[in-house]
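Start counting the sequence shown at 1; every next residue gets the next number (full-length UniProt numbering). First up is the structure itself, then whatever we jot down about it.
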Amino acid sequence: PESDLKVTGVDFLKSQNSRLHHTDAYNTKNLVVRRGQAFQMQLSFSRELKAADKLALRFGIGEKPMKPRGSLLSLNPRREPDFSGWQISIIKSSGKECLLSVTSSPSAPVGIYTLNVKTGSNIYKPENGAVYLLFNPWCKDDVVFLDDEAQRKEYVLNDTGYIYVGSAYSIYNRPWNFGQFEEFVLDACMYLLDKSNLRLSSRRDAVLVSRVMSALVNANDDNGVLLGNWSGNYDRGTSPLDWMGSVSILQQYYKTKKPVCYGQCWVFAGVLTTVMRCLGIPSRCVSNFNSAHDTDENLRVDIYLNEYGEKLNRMSLDSVWNFHVWNDVWMKRTDLPSGFDGWQAIDSTPQEQSQGMFQCGPCPLKAVRDGDVYLPYDSKFVYAEVNADKVYWVVKKVNGKDKYIKINTETQGIGVNISTKAVGRDTREDITAEYKFPEGSEEERKSMQKASSFIRPSGMGIRARFAATMSVGDMDSKPAVLHETVSKSGLQLEITNTEVLYPGNPLELAITVKTSTPGSWTINLAGSCQLQSYTGKVEASLGYIKETVKLEGKSETKVPLKIAADSYMKTLASVEDEVLIHITAIAEVQGTDDKLTKETTMRFEYPPITVQMPETAKLNRDFACSFIFKNKLNVPLDNCKLLVEGLGIFKMATFDQGDVKPGRIIKSEVICTPTRVGEKKIVAKLTSAQVKAISVEKAITVME
Numbered sequence: 001p002e003s004d005l006k007v008t009g010v011d012f013l014k015s016q017n018s019r020l021h022h023t024d025a026y027n028t029k030n031l032v033v034r035r036g037q038a039f040q041m042q043l044s045f046s047r048e049l050k051a052a053d054k055l056a057l058r059f060g061i062g063e064k065p066m067k068p069r070g071s072l073l074s075l076n077p078r079r080e081p082d083f084s085g086w087q088i089s090i091i092k093s094s095g096k097e098c099l100l101s102v103t104s105s106p107s108a109p110v111g112i113y114t115l116n117v118k119t120g121s122n123i124y125k126p127e128n129g130a131v132y133l134l135f136n137p138w139c140k141d142d143v144v145f146l147d148d149e150a151q152r153k154e155y156v157l158n159d160t161g162y163i164y165v166g167s168a169y170s171i172y173n174r175p176w177n178f179g180q181f182e183e184f185v186l187d188a189c190m191y192l193l194d195k196s197n198l199r200l201s202s203r204r205d206a207v208l209v210s211r212v213m214s215a216l217v218n219a220n221d222d223n224g225v226l227l228g229n230w231s232g233n234y235d236r237g238t239s240p241l242d243w244m245g246s247v248s249i250l251q252q253y254y255k256t257k258k259p260v261c262y263g264q265c266w267v268f269a270g271v272l273t274t275v276m277r278c279l280g281i282p283s284r285c286v287s288n289f290n291s292a293h294d295t296d297e298n299l300r301v302d303i304y305l306n307e308y309g310e311k312l313n314r315m316s317l318d319s320v321w322n323f324h325v326w327n328d329v330w331m332k333r334t335d336l337p338s339g340f341d342g343w344q345a346i347d348s349t350p351q352e353q354s355q356g357m358f359q360c361g362p363c364p365l366k367a368v369r370d371g372d373v374y375l376p377y378d379s380k381f382v383y384a385e386v387n388a389d390k391v392y393w394v395v396k397k398v399n400g401k402d403k404y405i406k407i408n409t410e411t412q413g414i415g416v417n418i419s420t421k422a423v424g425r426d427t428r429e430d431i432t433a434e435y436k437f438p439e440g441s442e443e444e445r446k447s448m449q450k451a452s453s454f455i456r457p458s459g460m461g462i463r464a465r466f467a468a469t470m471s472v473g474d475m476d477s478k479p480a481v482l483h484e485t486v487s488k489s490g491l492q493l494e495i496t497n498t499e500v501l502y503p504g505n506p507l508e509l510a511i512t513v514k515t516s517t518p519g520s521w522t523i524n525l526a527g528s529c530q531l532q533s534y535t536g537k538v539e540a541s542l543g544y545i546k547e548t549v550k551l552e553g554k555s556e557t558k559v560p561l562k563i564a565a566d567s568y569m570k571t572l573a574s575v576e577d578e579v580l581i582h583i584t585a586i587a588e589v590q591g592t593d594d595k596l597t598k599e600t601t602m603r604f605e606y607p608p609i610t611v612q613m614p615e616t617a618k619l620n621r622d623f624a625c626s627f628i629f630k631n632k633l634n635v636p637l638d639n640c641k642l643l644v645e646g647l648g649i650f651k652m653a654t655f656d657q658g659d660v661k662p663g664r665i666i667k668s669e670v671i672c673t674p675t676r677v678g679e680k681k682i683v684a685k686l687t688s689a690q691v692k693a694i695s696v697e698k699a700i701t702v703m704e
């Protein structure tokens, strides 16, 4: 009889397979492939393979792989295909070698499979025998199939990008290194999948995988990746503003298995993008400007001002964030009626519990746009973030009691300039139209009506929680009117800055008051300037004006509001967040019901960092890269740090620069050794006590 057939080696043909599967960038020894697509393996035997020989490739996933559970697949190239949807065939067999092709099911559970080969009663376990199986946006039978190569390059394979921050009318980009291919990042994602306790059958499902990752990226219920902190004090960890990307966060988490300190919304969104792209689910960061955080899901946010127009922190349960960042992921929704495939919103910033956990989504963008807010998951919450109304109240003391006077309702200020990075270009793309119909259009009205029928009505005005402590006589409130009322005087307000806003300079601001109808109008104007963090929390009140303005017919006047530098520099240095300049104006026309509030947020301008380096470099050959910064402000920058990172070029590094006096120039140099070819980006960031957000990036092309 023939001698026993034994396997003597398995070659996973890693370079050929990973090129075809778009996984060649992953920094790992193991084979990484995508589901629903063939990969090849070369087997070597102790003798020639005969027709009578028994041969089976066994792929197991999870703790104890078992056939009845579907967690152990035994693939026999000579038997009929089994019901698992996996396929195997012999491509060619010559001498002691055999080339096999294996195709996993396009709906196979995603994760780490361990391979062993059974011949007769012998079992061979290859080294590095763990095969990583990912979602496949290139496979038309996969639910995450994306039929556009440029979009796949951006949303799956691009490991750098931007996150848009700032305020609605002064948006800027923050470079972010997603780094989904870096060392240990894939392992961290696989660790999270195991930690999620998803049943094996649920790991096939992009909807459930993206939902559970939205929970695991925050640390709130499950010891997940990142601990959120909005307190302004980050001594016990890394300030959210100091991160330049997801890599060091996920690497630290994988090493310690403990939550990393600290995150705010763009950090959560950056890390969740990395996790999604790493697992093969197309993903993008989405920034919503003037984002409503509405604790009652009643589609309105109440903003309370004092008579100078200063926002009162203590009163507001809900708030409007200057921006909030979440994610869109691309998939078919086989769990919903047809028509809701495509982009879905998910959000890992811990804000509200959903089914008992801090998780949010996936919620179809189409459900948000059409007002179908009964559809899972969390569509009411996402709808409110982009569609709530702002209601302004002035709180005045009358006979020692607070009296609430409703000034106006603004229906168009929330959810504007929704932004993401454009496909294949370093520019901002406005995707507001994917979330909502044009303001004032017939479709918008219908969508609003539909949504409102599923969301609790907002009642009379002031929140129920105040009603208990106040008699109705204290409320000057009529039922909310949704459209802007046409006023007698045609009153309008505009807020501008008349000089560039450099830290250390006075803030030169102006409020323009306009009327447009015939008549003599006397207008009481109040205007205030406050510093606030991006979540709308007031950090300091800097000053206000109260004036009476007289206007005739169609005319306007500009009222200056000037804030001296020393009234805000202390706050700037004591708060560890980037602060924005928030201006609010209230105008009331005497003898009429015309009342109006207008608010706007601006950001400081900063001197730039310049990067000096060659335009091209050779693989594994050193080159020098210098970072130069001149403090052009007229205030010293205390405790300056320069942070730099270049994926595939060098690991994140920090240079402490001490205090940088006005006019001083600092220069740091990094010696770089590129380890991967293609266009690579180097990102630098400067932080100090006074200034938190100067960043720059520069591209270099690495050639063989």
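All C-beta atoms, glycine included, are put in the ideal place defined by N, C-alpha and C.
Residues that DSSP places opposite residue i in a beta bridge
i      : result
Pro364 : Gln344
Glu697 : Val683
Met357 : Ser354
Tyr392 : Ile303 and Asn408
Asn290 : None; Asn290 has no bridge partner.
Ala624 : Ile671
Leu100 : Met41 and Ile90
Asn449 : Asn is not the amino acid found at residue 449; the sequence shown has Gln there. None; Gln449 has no bridge partner.
Val589 : Ile523
Leu531 : Ala540 and Ile581
Arg428 : Lys421
Cys640 : Gly658
Pro327 : The amino acid occupying residue 327 in the given sequence is Asn; Pro does not appear at that position. Cys285 and Ile346, per the DSSP bridge assignment.
Residue burial classification, residue i (beta-carbon count within 10 angstroms, cutoff 16)
i      : result
Glu310 : buried
Asn223 : exposed
Ala384 : buried
Thr616 : exposed
Val481 : Low per-residue confidence applies at Val481: pLDDT is 36, beneath 50, and the placement is therefore not dependable, though the value from the model is reported in the following sentence. With fewer than 16 Cβ atoms within 10 Å of its Cβ, Val481 is classed as exposed.
Phe83  : exposed
Asn17  : buried
Met602 : buried
Asn399 : exposed
Gly536 : buried
Asn631 : buried
Ile462 : Per-residue confidence for Ile462 stands at a pLDDT of 39, beneath the threshold of 50, marking its modelled position as unreliable; the derived number appears in the next sentence. Flag for Ile462 reads buried.
Pro68  : exposed
Lys258 : exposed
Proximity below 9 angstroms, CB of residue i to CB of residue j
i           : j      : result
residue 707 : Leu633 : As displayed, the chain neither begins before 1 nor continues past 704, which places residue 707 out of reach and without an answer.
Val395      : Asn408 : no
Asn218      : Gly263 : yes
Asn229      : Pro240 : yes
Val644      : Ser668 : yes
Tyr308      : Gly527 : yes
Leu200      : Pro109 : yes
Asp4        : Asn122 : yes
Lys54       : Lys6   : no
Gln612      : Ile586 : no
Asn313      : Val538 : yes
Pro364      : Phe340 : yes
Ala292      : Asp372 : no
Ile495      : Gln530 : no
Met213      : Ser348 : yes
Lys96       : Thr8   : yes
Residue i CB to nearest heavy atom of the ligand SAM below 8 angstroms
i      : result
Trp176 : As far as ligands go, the structure on display features none, and thus does not contain the ligand SAM.
(request) Output the residue ranges of the beta strand (DSSP E) runs that lie fully inside the region 235 to 280 and measure 3 residues or longer, sorted by chain position. (result) Listed in chain order, the beta strand (DSSP E) runs fully inside the region 235 to 280 are 260 to 263, counting runs of at least 3 residues.
(request) Answer yes if the region 318 to 338 comes into contact with the region 175 to 189, meaning at least three C-beta pairs across the two stretches below 8 angstroms, and no otherwise. (result) no
(request) Give, in chain order, every unbroken run of the alpha helix (DSSP H) that is at least 4 residues long and sits entirely within the region 108 to 184. (result) 149 to 152
(message) Taking contact to mean 3 or more Cβ pairs, one atom from each stretch, closer than 8 angstroms, check whether the region 560 to 567 and the region 330 to 338 are in contact.
(response) no
(message) Is it the case that the region 497 to 513 contacts the region 601 to 608, given that we only count it when at least three CB pairs across the two stretches are under 8 angstroms?
(response) The region 601 to 608 vs the region 497 to 513: in contact.
(message) Does the structure place the region 359 to 379 close enough to the region 268 to 281 that three or more beta carbon pairs sit under 8 angstroms?
(response) no
(request) Could you tell me whether the region 33 to 51 touches the region 124 to 143, where touching means 3 or more Cβ pairs closer than 8 angstroms? (result) yes
(request) Would you list, in sequence order, the uninterrupted alpha helix (DSSP H) runs of no fewer than 4 residues that lie entirely inside the region 10 to 77? (result) The region 10 to 77 contains these whole alpha helix (DSSP H) runs: 14 to 20.
(request) Report yes or no: do the region 286 to 301 and the region 565 to 575 share at least 3 C-beta pairs separated by less than 8 angstroms? (result) no
(request) Decide if the region 17 to 33 is in contact with the region 42 to 61; the criterion is three or more beta carbon pairs, one per stretch, under 8 angstroms apart. (result) no
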